[in-house]
Amino acid sequence: MMKYAKVIVDISLAKLDRTFTYFIPEDMREYVRPGVRVTVSFGKRMLSGYVLELVETPDFDIDKIKPIESVDRGYAEVESVMVRLARWMKSEYGCTLNQALKTVVPVPRNVRKGAVRVKQVSLTESCQHDPRPLKLNDAQKAAVDGILSSYPKPALIFGVTGSGKTEIYMSLISEMIKRGRQTILLIPEIALTYQNLSRFTRRFGDRVGVVNSRLSAGEKSECFQKARRGELDVMIGPRSALFTPFPRLGLIIIDEEHESAYNSDTTPKYHAVDTALKLSELTGASLVLGSATPSLESYTRALAGDYGLYRLPSRAVSGSVLPKVTVVDLRKELREGNRSIFSRQLLALMAQRLQRHEQIMLFLNRRGFTGFISCRSCGQAIKCPHCDVSMTAHRNGRLVCHYCGHSAPMPDRCPSCGSPYLAGFGVGTQKVESEVKKLFPEASVLRMDMDTTSHKDGHSKILASFGAGEADILIGTQMIVKGHDFPKVTLVGVLAADLSLYAQDFRAAERTFQLLTQAAGRAGRGSVPGDVVIQTYAPDNYAVATAAKQDYYGFYRREMGFRSLMNYPPAGAMLYVLVSSAEEEAAWKEAKAIAVELLSEADEAMSVIGPSDAGISKIKDQYRKQIYVKHPDKGRLLALRDMLIASHGENVQTQLL
15 MMKYAKVIVD ISLAKLDRTF TYFIPEDMRE YVRPGVRVTV SFGKRMLSGY VLELVETPDF
75 DIDKIKPIES VDRGYAEVES VMVRLARWMK SEYGCTLNQA LKTVVPVPRN VRKGAVRVKQ
135 VSLTESCQHD PRPLKLNDAQ KAAVDGILSS YPKPALIFGV TGSGKTEIYM SLISEMIKRG
195 RQTILLIPEI ALTYQNLSRF TRRFGDRVGV VNSRLSAGEK SECFQKARRG ELDVMIGPRS
255 ALFTPFPRLG LIIIDEEHES AYNSDTTPKY HAVDTALKLS ELTGASLVLG SATPSLESYT
315 RALAGDYGLY RLPSRAVSGS VLPKVTVVDL RKELREGNRS IFSRQLLALM AQRLQRHEQI
375 MLFLNRRGFT GFISCRSCGQ AIKCPHCDVS MTAHRNGRLV CHYCGHSAPM PDRCPSCGSP
435 YLAGFGVGTQ KVESEVKKLF PEASVLRMDM DTTSHKDGHS KILASFGAGE ADILIGTQMI
495 VKGHDFPKVT LVGVLAADLS LYAQDFRAAE RTFQLLTQAA GRAGRGSVPG DVVIQTYAPD
555 NYAVATAAKQ DYYGFYRREM GFRSLMNYPP AGAMLYVLVS SAEEEAAWKE AKAIAVELLS
615 EADEAMSVIG PSDAGISKIK DQYRKQIYVK HPDKGRLLAL RDMLIASHGE NVQTQLL
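At position 505 of the sequence shown the residue is numbered 519 (my numbering), and the sequence of numbers has no breaks.
This is the structure:
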């Protein structure tokens, strides 16, 4: 029997990223094992911690070792899995163990009795519990049977928009419940919570939980505690829901698995799909991914046989077909005298749909009223003094930086040359709303963007209103085109199709294709055929052209050819290195030193790109320089990453792309 435990203390203290040895009292030895939560004396304080390892012989003076004060005997098995997952995340993502533990083992909070409002109650008041099994079509049934027969092999459900992936998810969840196991369902956007929760609570009642960023700390903690106690069968939420402490996890479903929202942009910079795959291995659960536009990484793995691949080529609703898509060349519109936000074809179709009392969705990938402000005389845009990005004009007469939140009044003259000729460029959702109301004053319009959904329940109220037919037109940013199912929508207009093509990211074409395909998929999901109008300045771009044809295979072949040529993932592996400093010269100096260090370790297969200014070269008064490293061997890049972290510490951030 081991007498000593190595404990990582108080996961909220990031500087304590090491273990401390404690003596295990004899009456606790039955319960102390890796993963269990304990209370220990640390200095003059009593702190909680997690046991990472048991040892027979300590590595320093026995007389100085303190005993463990108490041990939490509940849920040890769950905590053990999460601790193992945290150790994997430390190795995979280059974070500290404390950072990983803070992510995967949420600390329970003491909540005043009666203070927690159960989130799902307000969404299920009008929902009658329906226990009847779903009637699946042949393709859906084949997917369910295949996934269960090969359980727990990971699976990718590749189904066109409206093909019925949700019905497959519910059938799989029902089987898990029969087996006494629980399911985590990840969704990419908080905006999707309302519709998903309504459908799943109708099927599974009050044993469905939800977590998202709009819940209070108490609500989140209580929801996780219910999961620990086995009072829930399903947890729905964005990527943080992945760490729900279910005692018998059987299934992890990641809907719209291609979405970038599954990438964490804070340390640890983990990817939910890869982390879910590891969690499924640790728990014996199955991972199921679903998308109409799978990421190149997931589809490549499926083609290689690492995932089971299940295709749904048709829409599930009888009589429902994919919409007719028209690409409008805005250059031609401008040449022929149309300077409106809307092409002539889109305006004609909008008038027709309103006359027929059908619904319309207008998608714009922008935020703010007039976009950035530029001087007509010298051409300089007004930028944030802290972040080196253009500031956005809002209706209240102020300019706002959407990176750091800095706000300033709209100037009367150009700060660079003094000219009074300042003007806004670009179009925002508020401007679109204003124009729609001028053109169609009889139409009822809803707008859904970051401004209108900033309040609690903002997303669900707008979606519920539109779903109930209380508005004719829904205008919004990306959140309106992801996964929603509104049968009365027969027209989708994409007002700025090609903006995302010009992002400083090798995945720009992939994300543009996915976004346009998903947007098109919102139209005609009922029995009435739908139309989609894609307005673009780049109609010949292959991402736009293949999206208009709903041709994933054509896009995949073209894009993978480009990735292979350039050794970009998934054809190769790439490491992103970011150096930041309050002094620009110091940032350049360290970045150049890192580049030299990397080149000294390079082999023939490695390429080092940079250093250069980061896409946003200054944020919150920190200058940012970047380096990219490409190599076909992911393990080689992970070793280089660990070397940089060891030699440069907090001055460098890394991410495997």
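C-beta atoms are modelled at their ideal positions from N, C-alpha and C, and glycine is treated no differently. Since the structure is predicted, the reported quantities are computational estimates derived from the model, not experimental observations.
Across the structure, ALA605 and ILE659 are spaced so that their CA atoms are roughly 13 Å apart.
Closest in C-alpha terms to GLY575, from the list TYR556, ALA562 and LEU363, comes TYR556. Taking 4 residues as the minimum length, the alpha helix (DSSP H) runs contained wholly in the stretch 518 to 599 are 522 to 534, 556 to 562 and 566 to 580, in order along the chain. Within the stretch 449 to 492, the complete beta strand (DSSP E) segments at least 3 residues long are 459 to 462 and 487 to 490, listed from N- to C-terminus.
DSSP assignment within the stretch 77 to 116 yields the following whole alpha helix (DSSP H) runs of 4 residues or more, N-terminal first: 90 to 107. Residue ranges of uninterrupted beta strand (DSSP E) with 3 or more members, entirely inside the stretch 293 to 368 and ordered along the chain, are 300 to 305, 322 to 326 and 338 to 343. Relative to GLY49, the option among SER94, SER84 and SER62 whose CA is nearest is SER94. Residue pairing by DSSP places PHE34 opposite VAL21 in a beta bridge. If you compare the alpha carbons of ALA607, MET190, LEU229 and MET42 with that of LEU246, the shortest gap goes to MET190. Residue pairing by DSSP places ASP627 opposite LYS639 in a beta bridge. VAL622 is a Cβ neighbour of ILE641, given a cutoff of 8 Å. ASP288 and SER430 have their C-alpha atoms roughly 47 Å apart. Counting C-beta pairs closer than 8 Å gives fewer than three between the stretch 660 to 668 and the stretch 613 to 629, which falls short of the contact rule. In terms of CA proximity to ASN210, MET249 leads the group PHE238, MET249 and LYS240. With respect to THR504, GLU372 sits close: the two C-beta atoms are nearer than 8 Å. Taking C-beta atoms under 8 Å as the contact rule, THR550 and ASP512 qualify, at a distance of about 5 Å.
In the three-state reduction of the DSSP assignment, GLN394 falls in the coil class, being assigned neither a helical nor a strand state. Per DSSP, ALA169 is one residue of the beta strand (DSSP E) stretching across 169 to 173. Listed in chain order, the non-local C-beta contacts of ARG315 below 7 Å within the same chain comprise TYR321, local neighbours out to five positions each way being set aside.
Taking a contact to require three or more Cβ pairs closer than 8 Å, the stretch 274 to 284 and the stretch 103 to 119 qualify as touching.
Looking only at MET493, TYR36 and ILE387, the smallest Cα-Cα distance to PRO434 is reached by ILE387. Contact annotation: ASP486 and SER458 have beta-carbon atoms nearer than 8 Å. Here ARG412 is near PRO423, since their CB atoms are less than 8 Å apart. Taking a C-beta distance under 8 Å as the contact criterion, ALA587 and ASP647 qualify as a contact pair. In the same chain as GLY63, and ignoring 5 residues on each side of it, the C-beta atoms closer than 7 Å to its own belong to VAL21, ILE22, VAL23, ASP24, VAL52 and VAL54, in chain order. Here the stretch 561 to 569 makes no contact with the stretch 359 to 369; the two share fewer than three CB pairs at distances below 8 Å.
For ASP269, there is no enclosing alpha helix (DSSP H); the enclosing beta strand (DSSP E) covers residues 263 to 269. Within the same chain, PRO583 and PRO584 come within 7 Å of GLU311 by CB-CB distance, once the 5 residues on both sides are set aside. By a beta-carbon distance limit of 8 Å, TYR45 does not contact GLY160. Their separation comes to about 42 Å. A Cβ-Cβ distance of about 6 Å is found for the pair THR443 and LEU378, placing them in contact under the 8 Å criterion. When the beta-carbon positions are compared, PRO168 and PRO337 stay at least 8 Å from each other.
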